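Asker:
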Amino acid sequence: MSKKFNLIQIVGARPQIIKSAALSRAVREQYQTKINLETLHTGQHYDMGMSDVFFSKMDIDEPYVNLKIGSGNHAEQTASIMKGCEKEFETIRPEGVLVYGDTNSTLAAALTAYKMNIPVFHVEAGLRSHNLQMPEECNRIAVDHMSTLLFCPTSTSVLNLESEGINKSDGPYSIKSPGIINSGDIMYDNSLYYSTQASDDELFNKLGIGSEEFILATCHRPSNVDDQETFRSILESLSWISSHIAPVVLPLHPRVQKHKDILNQYSTIETLHLADPLDYGAIVQLQINCKLVITDSGGVQKEAFFFRKPCLVLRDETEWMELVDNGNVILCGNAHESIKKGAIELIDRELSFPDFYGDGRSAIRIVDSILDFHSC
């Protein structure tokens with residue numbers, strides 16, 4: 004019997020923790036004799052409600068270590084994660100480092116592994132918003148160009164890599180000859196899995212919406228929440244939508260807690276339900292049952308598609324242009340009138356839901372590709 008492949012996966016933010024669940028599940032159920040998988044948590048997300056609760060409630064493997072980096076500016080956070088990862092990689096000696104998405108944790112872990120000559124495997128490779136002012140865009144481009152295996156969620160993301168000169172290799176794979184795999188979207192795996200799990204029958208009553216139709220909103224990007232007046236304008240738009248179209252549920256990201264005075268002003272509006280951070284299972288439940296999703300999150304706009312909901316995106320660009328081209332998403336930015344107009348336009352739009360993101364077996368394809376790499 005060949006020895007197990009030592010793989011370490013990096014998480015640091017809520018979406019990465021959720022994505023890691025699909026891979027951990029696949030290894031646990033089908034590959035325990037072939038892969039030794041460890042999870043390193045950088046601690047980039049500092050709020051327990053946005054991190055630890057997901058491990059305890061959702062059958063996600065606990066990380067073997069949490070670096071507890073917390074918040075900070077980009078340079079401080081990235082440097083601290085690199086220092087912590089280097090120490091752990093020297094101890095664990097992984098044969099591959101798997102990173103998700105485009106956060107500072109993704110960049111820092113990939114750069115550390117690259118400098119230590121450890122192969123980098125990037126899940127959600129090839130995504131491009133074409134806005135280089137977004138920190139996430141810089142992160143994902145850099146990580147793609149350091150990766151040995153690039154796991155693309157869509158055919159468009161494959162084409163994006165090829166347009167940057169990262170051409171598909173037939174193997175054996177290396178940093179000079181990387182593997183580009185259209186694995187499908189790992190979040191589709193999770194959406195299918197968690198949509199069948201036990202739900203909280205009291206969730207809607209707890210949020211104050213009962214059995215009525217409602218709209219789900221999320222907002223967390225610095226461009227939308229750091230500036231007080233921008234955030235106030237978004238809340239004003241959601242308030243208008245809640246009274247003219249349908250009640251709005253807005254789980255509050257920890258980043259917005261600094262605007263307590265503004266939140267207090269809107270907390271008395273009966274149709275605008277400001278909620279504490281919710282675990283992923285609750286968010287899935289809301290997505291399944293809502294009438295419309297309003298978000299600035301790349302992941303949430305895609306999950307809206309998984310659950311066959313229209314989505315209004317509070318940004319001027321998206322990594323998921325196929326959703327815009329197909330009419331499932333409207334990009335409205337954060338201007339008050341644009342948000343109102345977009346919601347009115349989307350709420351009754353007839354939509355189609357093509358098979359953009361695979362068949363829900365992305366994690367299996369990822370693990371199989373890593374094992375193929377190991378055997379070469």
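Its first residue numbered 4, the sequence shown is counted upward by one per residue in the working numbering.
Every residue, glycine too, gets a C-beta built ideally from N, C-alpha and C.
What you are looking at is a predicted structure, and each value in this text was computed from that prediction instead of being measured.
Classify ALA16 as buried or exposed, calling it buried when 16 or more other Cβ atoms lie within 10 Å of its own Cβ.
Answerer: Looking at its Cβ environment, which holds 16 or more other Cβ atoms inside 10 Å, ALA16 is buried.
Asker: When you compare each of GLY211, ILE286, PHE308 and ASP299 to THR274 by their alpha carbons, which one comes out closest?
Answerer: Residue GLY211 is the option with its Cα nearest to THR274.
Asker: In terms of DSSP beta bridges, what is CYS3 paired with?
Answerer: The structure shown does not extend to residue 3, since the chain is modelled only from 4 through 379, so no value can be given for it.
Asker: Thinking C-beta only, is TYR360 closer than 8 Å to PRO156?
Answerer: Yes, the Cβ-Cβ distance between PRO156 and TYR360 is below 8 Å.
Asker: Given a cut-off of 8 Å on the beta-carbon distance, is the pair GLY389 and TYR197 in contact?
Answerer: This structure gives no information on residue 389, because the portion of the chain shown stretches from 4 to 379.
Asker: Should PRO357 be labelled buried (16 or more other beta-carbon atoms within 10 Å of its own) or exposed?
Answerer: Exposed: under 16 other Cβ atoms inside 10 Å.
Asker: Our contact map puts ILE272 next to SER236 with C-beta atoms below 8 Å; I'd like the distance itself, whole angstroms only.
Answerer: With a Cβ gap of about 15 Å, ILE272 and SER236 do not count as contacting.
Asker: Does the contact criterion of 3 or more C-beta pairs under 8 Å hold for the stretch 5-13 versus the stretch 95-110?
Answerer: They touch, by the three-pair rule.
Asker: Using three-state DSSP, classify PHE124 as helix, strand or coil.
Answerer: In the structure shown, PHE124 sits in a strand (DSSP, three-state: E or B).
Asker: Which residue wins for smallest C-alpha separation from VAL1, given the options PHE154, LYS209 and VAL370?
Answerer: Lying outside 4 to 379, the shown extent of the chain, residue 1 is not represented and no answer is given.
Asker: Quick test of your reading: SER186 and SER365, contact by CB under 8 Å. State the CB separation rounded to the nearest angstrom.
Answerer: Indeed, because the Cβ distance is near 5 Å, the residues count as touching under 8 Å.
Asker: Secondary structure at CYS293, three-state DSSP: helix, strand or coil?
Answerer: Looking at CYS293 - three-state DSSP - the assignment turns out to be coil, as it is neither helix nor strand.
Asker: Look up ILE72 in the DSSP assignment and say whether it is helix, strand or coil.
Answerer: In the structure shown, ILE72 sits in coil (DSSP, three-state: anything other than H, G, I, E or B).
Asker: Out of curiosity, what's the CA-to-CA distance linking GLY104 and GLN19?
Answerer: Cα-Cα distance, rounded: 7 Å.
Asker: By alpha-carbon positions, which one of ALA112, HIS223 and CYS293 ends up nearest to HIS256?
Answerer: Per the Cα distances, HIS223.
Asker: Measuring CA to CA, which of ILE189, GLN290 and GLU353 is closest to VAL370?
Answerer: Minimum Cα distance to VAL370 is reached at ILE189.
Asker: Just verifying my parser: in three-state terms, what is the DSSP assignment at PHE8?
Answerer: PHE8 falls in the strand class under three-state DSSP.
Asker: Identify the residues that DSSP records as bridge partners of PRO97: which are they?
Answerer: Beta-bridge pairing links PRO97 to no other residue.
Asker: Which residues does DSSP list as the beta-bridge partners of LEU1?
Answerer: Given that the chain is displayed from residue 4 to residue 379, the structure contains no residue 1 and the question cannot be resolved.
Asker: Flag this pair as yes or no: are the beta carbons of LEU130 and GLU322 separated by less than 8 Å?
Answerer: Against a cut-off of 8 Å, the Cβ pair of GLU322 and LEU130 comes out as a contact.
Asker: Considering ALA220, what are the terminal residues of the beta strand (DSSP E) in which it resides?
Answerer: Looking at the DSSP string, the run of the beta strand (DSSP E) that includes ALA220 is 218-220.
Asker: Alpha carbon to alpha carbon, how far is GLY336 from MET61? Give it in angstroms, no decimals.
Answerer: Using only the alpha carbons, I get a separation of about 33 Å.
Asker: Name the one or two DSSP bridge partners that LEU326 has.
Answerer: BP columns for LEU326 are empty, so no partner.
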